[in-house]
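Residue numbers (the UniProt record's numbering): 18 to 677. All C-beta atoms, glycine included, are put in the ideal place defined by N, C-alpha and C.
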Ligand code: ATP
Ligand code: MG
């Protein structure tokens, strides 16, 4: 199922791996012979305000980028010096293709840099985390208090005999204990594996088994749109098939409390009660694994991506600082769940490394009403707001009256991640927040650890484009042989040099790691298709696996979906290719309508006419289904492969990550 041209120099490696792993390789990017057609003509440019530019950490991107690329090791070494290390490195990078070691010989600890560095300074009593529960409950942690909690938890881990290299699975709702547990593991060199608390027992079990976790940390219940979701029974069911699990620690939130069976099951509060609030951070080799995170599984079976203390710390630290132009008095709100990489890098590690004040809010954007997030922004004076295209489209569906009710004037910088943001959704987000807050469309992956392609607030923006590579990153669009493509030709998004926050391997599956660096020669293949415009701006066009081939043209999903979303009646759209006798494939679209619109023959025709006008004949969907919802991962990404399999009556494959 891996279609690699036989002439490919790395064919042998891939085929061996594919034979061994079978269908798990289904998601591997398949280089195609043709280029991707560019259809979308989006010409708007939004200039940064003079004030934003003047105040920014990086006021001149071009100059800073050029300098960073001239000597990437000097650039990354310089960044690393802004953080604390127990012993310095002898070399910034040791690159033994495709294996990288960053900050060779150095010792450090990411938790030390997230906590002690601040708690030992005037920031001791600065607010680190403001947590708001779905029910309005509020908990506030200063850096000093967070450090004490983490130390208690680290000592409790030690008391259970956990030591460096052991794995702990964290299956918690979005509560502060999640952050405490992650940092406590990091503090003593234990590897955490956070599993999103929406996963079912089999999905949780397979992740615990893969990691061979000795301990699971969970809660009795979670809350979702006012409903109480029992979590403990899910863990009970999962651990039955996980012989590695010795203990289960349970955070009890529900007043009724769940019964625990000693000695295997321990109450979180009891667990920490007797522990000292002092615990020195372990000096760890920079390459010590920090966590395993299973990717969201939009395309196939999740992979255990491994990140390490040193390089990951450097990458998340500097991207948070520069991309969001983070300043001392910002209030930073990222809506992700720590169960996803965005939560790891941009709720927990990146912001804490910078000593930021973080708003962490449980719950959905439209519960109890679609004003939920706007209300939080107004109430806490949020200045940086990082969200997803799927959430923006959801809020768009409810209309502009909701954001209008709230004072959003504290906002300064906005962010988007997870999927291409349709220009229409971009415009809406920009307008309802006051038409003067730059939107950082950040492109990256679980595997990349940190943001790689993104604007900075001082960079002119084009709605729908993630703009240009972050400092120190060489990104390009190439054909399957790795040759750069001319402006506006679509091809494969690749990264040409290693970067500090890159994954180091796939847990227990190094062959699967190598595929990323061996699919296209001499670079990291992201598996996304993209084009670079005449100004070097990158436009992500969708996943390589989802590209649709119509009559010799290859069309990325994002452009057709964006054209549909720009129709006044459409809230959301997903397109797939369906076999067609003469054209090879025909486009089929699934569309969610905005409130107040009805399915009708006229509407379907008007959608087709609209795509015709926006993109041309080749992109017009042959079929359009109006649907109430789309299959999504729990992180909010559309799962086109599921739509396609259902449409074709095929097996839908691994859907452990599906939302509904
Ligand atoms: P899996 O790899 O298991 O199928 P996944 O790719 O959805 O799951 P993530 O690592 O969470 O897992 O997502 C990374 C992907 O999300 C990117 O490869 C890209 O397709 C998409 N993406 C993320 N941010 C952006 C963005 N700003 N613009 C366009 N696409 C984005
Ligand atoms: Mg992926």
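- Looking from the CA of residue 453, the closest CA among 212, 475 and 435 belongs to 475.
- Two segments are said to touch when three or more pairs of C-beta atoms, one from each, lie closer than 8 Å; by this definition the stretch 166 to 183 does not touch the stretch 143 to 151.
- Of the candidates 364, 225 and 206, the residue whose Cα lies closest to the Cα of residue 304 is 206.
- Rounded to whole angstroms, the gap between the alpha carbons of residue 455 and residue 431 is 6 Å.
- Set against 7 Å, the gap from the CB of residue 551 to the closest heavy atom of ligand 2 is not smaller.
- One alpha carbon belongs to residue 460, the other to residue 258, and they sit about 37 Å apart.
- Remark: the shortest separation between the CB of residue 674 and any heavy atom of ligand 2 does not fall under 7 Å.
- C-alpha of residue 53 to C-alpha of residue 582: approximately 21 Å in a straight line.
- Beta-carbon to beta-carbon, residue 383 and residue 428 are separated by about 19 Å, too far to satisfy the 8 Å threshold.
- Counting every other CB atom within 10 Å of its CB across the protein chains shown gives residue 661 a total of 16 or more, marking it as buried.
- Residue 307: member of the beta strand (DSSP E) spanning 306 to 311, first to last residue.
- Three or more pairs of CB atoms, one per stretch, sit closer than 8 Å, so the stretch 129 to 138 contacts the stretch 357 to 372.
- DSSP places residue 280 outside any alpha helix (DSSP H), giving it a letter other than H or E.
- For residue 341, no beta strand (DSSP E) encloses it, and the DSSP letter there is neither H nor E.
- Placement of the Cβ of residue 527 at a distance of 7 Å or more from every heavy atom of ligand 1 is found.
- If you look at residue 541, you'll find it in the beta strand (DSSP E) that goes 541 to 549.
- Annotated three-state conformation of residue 336 is helix, per DSSP.
- Separation of the CB atoms of residue 506 and residue 362 is rounded to 31 Å, and the pair is thereby denied contact status at 8 Å.
- If you ignore the 5 residues before and after residue 399, its C-beta comes within less than 8 Å of the C-beta of 348, 349, 350, 376, 393, 427 and 428, all in its own chain and listed in chain order.
- Judged by beta-carbon spacing, residue 336 lies within the 8 Å limit of residue 487, meaning their Cβ atoms are closer than that value.
- Residue pairing for residue 566: DSSP places it in a beta bridge opposite 571.
- The closest CA to that of residue 203, considering only 235, 94 and 299, is found on 299.
- Scanning 593, 334, 569 and 176 for the CA closest to the CA of residue 575 turns up 593.
- Membership of residue 113 in the beta strand (DSSP E) is indicated by the continuous run 108 to 113.
- Secondary structure note for residue 409: its alpha helix (DSSP H) is the uninterrupted segment 406 to 415.
- Inter-residue distance for residue 675 and residue 651 is about 6 Å (C-alpha atoms, whole angstroms).
- One alpha carbon belongs to residue 437, the other to residue 509, and they sit about 15 Å apart.
- In this structure, the beta-carbon distance from residue 157 to residue 189 does not fall below 8 Å.
- Nearest neighbour of residue 541 by Cα position, chosen from 114, 227 and 625, turns out to be 114.
- Check the Cα spacing between residue 223 and each of 624, 295, 260 and 116: the tightest is with 260.
- If you check the C-beta of residue 560 against ligand 1, you find a heavy atom less than 7 Å away.
- The C-alpha of residue 331 is placed about 14 Å away from the C-alpha of residue 302.
- When the five nearest sequence neighbours on each side are left out, the beta carbons in the same chain lying within less than 6 Å of the beta carbon of residue 90 are those of 109 and 110, in order along the chain.
- Excluding its 5 nearest sequence neighbours in each direction, residue 269 has C-beta neighbours in its own chain below 8 Å: 236, 237, 275, 284, 285 and 286, listed in chain order.
- Across the set 385, 98, 618 and 364, the C-alpha of 364 shows the shortest separation from the C-alpha of residue 404.
- Per the coordinates, the alpha-carbon of residue 570 lies some 45 Å from the alpha-carbon of residue 72.
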